[in-house]
Every structure is written in C-alpha cells, then in structure tokens.
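Residue numbers (the numbering used here): 52 to 206.
We put the beta carbon where it would ideally sit given N, CA and C, even for glycine.
Report on the structure given below.
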Ligand SMILES: [Zn+2]
C-alpha cells in the first residue's frame with residue numbers, strides 16, 4: 052500500500068494539516084493535529100478490517116488533540132483527534148490516568164469563540180526534544196522567508 056502525503060490549510064483553524072491520499076483504495080483524508088478537525092472520503096471498513104463497498108464523505112469538527120510520545124527505541128507518537136466534548140473528556144481522563152513514563156505529551160483544545168488552539172496540558176521529559184507534529188509550520192516560515200527575500204530584491 053502506498054500513500055501520498057502533503058499539507059493543506061485546516062478549514063477549521065487555518066493552521067497546516069496533513070493530507071493523505073491512499074493509492075490502493077483511492078481514499079483521501081485531512082487530519083489537523085492542532086485542533087483535531089478531520090475530513091475523510093473513502094470506503095468504510097468492517098470491525099475486522101475488511102473493506103466494505105459503501106463510501107462515505109465525513110467531516111468531523113475538531114474539539115481537541117491529545118498527543119503522547121512513549122519511550123523506547125521507536126519513541127512512537129500517538130495522536131488522538133477528538134471531535135466532541137464528550138470524546139475529549141473521555142480521552143483526557145485516560146490521559147490523566149497514565150502511570151507509565153512518557154517522553155512528551157501535549158493536549159490542545161480548539162476555542163471556537165477565540166478561534167485559536169489552547170494548550171491544556173503539556174509535558175516534556177528533561178533532556179528530551181519535543182517531536183514535530185506540525186512539519187508544515189516550518190514550511191510556512193520558509194514561505195515567509197521566501198516572500199521577504201522577494202520583497203527585498205524588488206526594485
Ligand atoms: Zn485545525
């Protein structure tokens with residue numbers, strides 16, 4: 052299975068989100084690690100992972116994101132995008148019960164009124180560097196640099 056990944060502006064919060072096209076099943080999705088927004092167009096699957104013929108076009112609003120990086124050689128980052136307050140509260144309760152050590156964790160919540168992502172919880176193990184969940188934000192900075200250079204070179 053191969054996928055094509057790129058970046059797109061999140062329709063909800065305006066930050067960079069991940070966009071993935073799965074070549075095998077022709078599904079497409081956007082997932083925002085800032086606010087939790089997601090949009091999926093593609094086939095549905097049975098609970099045991101079998102492909103169904105039914106296709107869906109589903110938009111889930113972002114309510115919040117819980118991200119945790121576990122220790123170990125792979126330092127896997129788990130990201131939970133929550134689309135409702137109920138789901139967010141349930142995931143946050145699980146997060147608060149974690150007793151295993153982890154390297155890094157961040158919980159953000161979308162504030163629709165102020166139209167910004169707020170950091171609810173944040174943890175970084177001493178001596179560890181936080182993973183970059185938002186690689187495209189660096190591209191955004193590069194775009195700004197590029198634009199600034201262009202302006203500088205203009206007559
Ligand atoms: Zn977003």
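- When the five nearest sequence neighbours on each side are left out, the beta carbons in the same chain lying within less than 7 Å of the beta carbon of residue 122 are those of 152, 153 and 154, in order along the chain.
- In this structure, 126 is the residue among 133, 138, 126 and 169 with its C-alpha nearest to the C-alpha of residue 179.
- The stretch 55-92 is shown to contain whole beta strand (DSSP E) runs of 3 or more residues at 67-73 and 78-82, in chain order.
- In the three-state reduction of the DSSP assignment, residue 177 falls in the coil class.
- Going by DSSP, residue 140 is part of the alpha helix (DSSP H) stretching over 136-147.
- Between ligand 1 and residue 64, a heavy atom-to-CB distance of less than 7 Å is present.
- Secondary structure of residue 171 (DSSP, three-state): strand.
- Distances from the CB of residue 90 to the heavy atoms of ligand 1 are all 7 Å or more.
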